[in-house]
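Residues 1 to 418 in UniProt numbering are what the sequence shown lists, from first letter to last.
Cβ atoms here follow ideal geometry from the backbone N, Cα and C, with glycine treated the same way.
Computed from a predicted structure; not experimentally measured.
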Amino acid sequence: MKRKNLFYAQSGGATAVINTTACGVIETARQKEEIDNIFVGHDGIIGALAEELIDTSLESTESIRQLYHTPGSAFGSCRYKLPPIGQNDDVYRRLFSVFEAHDIHYFLYNGGGDSQDTTNKVSIMSKKLGYPLKCIGLPKTIDNDLMHTDNCPGFGSAAKYIATSIREAALDVVGMARTSTKVFLMEIMGRNAGWLAAAAGLAAEQEGDAPHIILFPEVAFNEERFLKKVKEVVDTHGSCAIAISEGLRDEHGELLIQSSSVDAFGHVQLGGIAGKVAALIKHNLGYKYHWALPDYLQRAGRHLGSKTDVEQAYAIGQAAVEAVLAEKDNIMLSIERTSNTPYQWQVGEVCLNEIANHEKFMPKEFISEDGYHITQACREYMAPLIAGECIPPFKDGLPVYARLKKQTLTPKLEPFEV
Numbered sequence: 001m002k003r004k005n006l007f008y009a010q011s012g013g014a015t016a017v018i019n020t021t022a023c024g025v026i027e028t029a030r031q032k033e034e035i036d037n038i039f040v041g042h043d044g045i046i047g048a049l050a051e052e053l054i055d056t057s058l059e060s061t062e063s064i065r066q067l068y069h070t071p072g073s074a075f076g077s078c079r080y081k082l083p084p085i086g087q088n089d090d091v092y093r094r095l096f097s098v099f100e101a102h103d104i105h106y107f108l109y110n111g112g113g114d115s116q117d118t119t120n121k122v123s124i125m126s127k128k129l130g131y132p133l134k135c136i137g138l139p140k141t142i143d144n145d146l147m148h149t150d151n152c153p154g155f156g157s158a159a160k161y162i163a164t165s166i167r168e169a170a171l172d173v174v175g176m177a178r179t180s181t182k183v184f185l186m187e188i189m190g191r192n193a194g195w196l197a198a199a200a201g202l203a204a205e206q207e208g209d210a211p212h213i214i215l216f217p218e219v220a221f222n223e224e225r226f227l228k229k230v231k232e233v234v235d236t237h238g239s240c241a242i243a244i245s246e247g248l249r250d251e252h253g254e255l256l257i258q259s260s261s262v263d264a265f266g267h268v269q270l271g272g273i274a275g276k277v278a279a280l281i282k283h284n285l286g287y288k289y290h291w292a293l294p295d296y297l298q299r300a301g302r303h304l305g306s307k308t309d310v311e312q313a314y315a316i317g318q319a320a321v322e323a324v325l326a327e328k329d330n331i332m333l334s335i336e337r338t339s340n341t342p343y344q345w346q347v348g349e350v351c352l353n354e355i356a357n358h359e360k361f362m363p364k365e366f367i368s369e370d371g372y373h374i375t376q377a378c379r380e381y382m383a384p385l386i387a388g389e390c391i392p393p394f395k396d397g398l399p400v401y402a403r404l405k406k407q408t409l410t411p412k413l414e415p416f417e418v
């Protein structure tokens, strides 16, 4: 039997555990007689088009194992949208020329909804061009907005970071509220779906605990009602901690704040909504405030990694290798919850065309009746996802993360401008 090469790449924003999935892929593939070598795209699909293929055979067993607890995108990621099929198919011909030149017949792409669209297009074009290629999508996103999967690897660790951070910051505010800051606002990632903002609600165990208010993209922002709520909280508890999704919208569904710039997927750049809402509070209520933008910190905080999240991320990498060797194609692997009490799960699969370019929003039953907090149902769904600690090794007081050679293969084709 002729051994074939496998291609893996990372796409979109990083998470605390996307490299854990890479570790699962590489460690599993190295054990398979059917697989000759594992190549990784330098900066995602761009690495395939540019023929910048990282040769993982040059990475030590120890370095690959260190990926298990390393945040970020160790091999480089990208936001690059393949053209619609039928438009500029030269891009696809280039892609398959690279695959043919390097005997690549297994394609694993690790990312969110837009990345699953890429995997779907590659799978469709492999059949159109008659090239034998098995394509599997590997889920990843802190936004937790992929359809047909109970949750997404990356979300649990980000959720743990957010819930921990809002609890700690709120304790700081409580200590100074009598003579200083009375309102703290944390701006949380989530363009259209409020899953990560909702995770802040896990920090509140009893009445009066922070966060006191959560602002979701799914709930239209009403200025008058919001300000009344803030005043009630401060009058009752002395201070108010607020979790705000960056994708907060008005009653017309329009973003309250956005920039004119967009990324390669056409997404508007967000950021700064917490500052706008804080100024609104100051102007109308006169409270001193502080606001924070965790930004990359919430998706890179591997020191607060969820054990559940880490285990699921690695299992996805393992299962992806098994799937291509079982001749499966045009699917995304998923997490299936088989039991809530006790929490149990397994890896499943779903057709890519049911995933690509779709989003999963917070269900109404997860949002409190007043629209400002989470329900018990949401808490029961999220709590297992942040459960358990998986602390990386430390040296001299700091975490130890992977340092890779990332040596690429010698190109066999002419250069291609991406």
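Please say whether residue j and residue i have beta carbons closer to each other than 7 angstroms?
| i | j | result |
| --- | --- | --- |
| Asp150 | Ala193 | no |
| Gly190 | Gly247 | yes |
| Lys140 | Gly111 | yes |
| Gly301 | Tyr161 | yes |
| Asp36 | Arg3 | yes |
| Gly154 | Ile142 | yes |
| Ser239 | Val173 | yes |
| Arg299 | Thr15 | yes |
| Ala243 | Ile281 | no |
| Gly201 | Ile374 | yes |
| Gly388 | Lys307 | yes |
| Phe75 | Ile54 | yes |
| Ala163 | Ala203 | yes |
| Ala177 | Ala241 | no |
| Leu58 | Gln407 | yes |
| Gln318 | Gly41 | no |
| Ala159 | Ile386 | yes |
Report the option in the options whose CA atom is closest to the CA atom of residue i.
| i | options | result |
| --- | --- | --- |
| Glu51 | Glu205, Ala9, Ala377 | Ala9 |
| Tyr314 | Ile54, Arg167, Gln31, Leu67 | Leu67 |
| Met362 | Val350, Arg379, Asn353 | Arg379 |
| Ile331 | Lys32, Ile124, Ile391, Ile85 | Ile124 |
| Ser73 | Glu100, Thr20, Ser334, Lys360 | Thr20 |
| residue 421 | Lys412, Gly272, Val277 | Since the first residue shown for the chain is 1 and the last is 418, residue 421 is missing from the structure and cannot be characterised. |
| Ser368 | Leu304, Ile214, Leu108, Cys152 | Ile214 |
| Tyr372 | Cys390, Cys152, Ala22, Phe216 | Phe216 |
| Pro415 | Cys23, Arg30, Gly47 | Gly47 |
| Gln312 | Cys390, Arg249, Ser245 | Cys390 |
| Ile166 | Ala323, Glu62, Ala210, Asp396 | Ala210 |
| Glu207 | Lys229, Arg225, Phe226, His237 | His237 |
| Pro384 | Pro411, Trp345, Tyr109, Lys395 | Trp345 |
| Glu62 | Pro411, Ala402, Phe99 | Ala402 |
| Phe7 | Tyr80, Tyr109, Asp90 | Tyr109 |
| Ala323 | Thr338, Val350, Ser339, Arg337 | Val350 |
| Lys360 | Tyr296, Lys127, Glu218 | Glu218 |
Measure the alpha-carbon distance for residue i versus residue j and round it to whole angstroms.
| i | j | result |
| --- | --- | --- |
| Gln376 | Met382 | 10 angstroms |
| Glu168 | Trp291 | 14 angstroms |
| residue 505 | Asn284 | The structure shown does not extend to residue 505, since the chain is modelled only from 1 through 418, so no value can be given for it. |
| Ala198 | Thr179 | 30 angstroms |
| Gly12 | Leu404 | 20 angstroms |
| Ala320 | Gln116 | 14 angstroms |
| residue 422 | Glu365 | The displayed coordinates of the chain run from 1 to 418. Any statement about residue 422 would go beyond what the structure contains. |
| Ile335 | Ser157 | 15 angstroms |
| Leu398 | Arg65 | 18 angstroms |
| Val347 | Leu333 | 7 angstroms |
| Pro132 | Asn88 | 21 angstroms |
| Cys152 | Pro342 | 19 angstroms |
| Arg30 | Phe99 | 19 angstroms |
| Val418 | Leu409 | 18 angstroms |
| Pro294 | Leu270 | 13 angstroms |
| Gly275 | Phe226 | 15 angstroms |
| residue 497 | Gly305 | Outside the shown range of the chain (1 to 418) lies residue 497, about which nothing can therefore be said. |
Please work out which residues of its chain come closer than 8 angstroms, Cβ to Cβ, to residue i, disregarding the five sequence neighbours upstream and downstream, and give them in chain order.
| i | result |
| --- | --- |
| Glu354 | Met147, His148 |
| Leu129 | Tyr92, Arg93, Phe96 |
| Glu327 | Lys134 |
| Lys32 | Val321, Leu325 |
| Asn5 | Ile35, Asp36, Asn37, Ile38, Phe39, His102, Asp103, Ile104, His105, Tyr106 |
| Ser60 | none |
| His303 | Ile391, Pro392, Pro399 |
| Leu196 | Ile142, Asp143, Asn144, Phe155, Ala158, Ala159, Ile162, Ile188, Met189, Gly190, Ser245, Gln298 |
Closer than 6 angstroms: is that where the CB of residue i sits relative to any heavy atom of the ligand NAP?
| i | result |
| --- | --- |
| Lys288 | Inclusion of the ligand NAP in the displayed structure is not the case, the ligand content being empty and no account of it being possible. |
Who are the Cβ neighbours of residue i in its own chain at under 7 angstroms, not counting the five residues just before and after it?
| i | result |
| --- | --- |
| Lys121 | Leu82, Ile85 |
| His358 | Gly113, Met147 |
| Glu27 | Ile64 |
| Leu352 | Gln116, Thr119, Asn120, Ser123, Gly137, Asn330, Ile331, Met332 |
| Gly272 | Ile257 |
| residue 486 | This structure cannot settle anything about residue 486, because the visible part of the chain is limited to 1 through 418. |
| Lys229 | Ile213, Tyr372 |
Spatial neighbours of residue i within its chain, please: C-beta separation below 6 angstroms, excluding the five flanking residues on both sides.
| i | result |
| --- | --- |
| Val400 | Pro393 |
Could you tell me whether the stretch 231-245 touches the stretch 175-191, using the rule of 3 or more Cβ pairs below 8 angstroms? When Cβ pairs closer than 8 angstroms are counted between the two stretches, the stretch 231-245 is seen to touch the stretch 175-191, the count reaching three or more.
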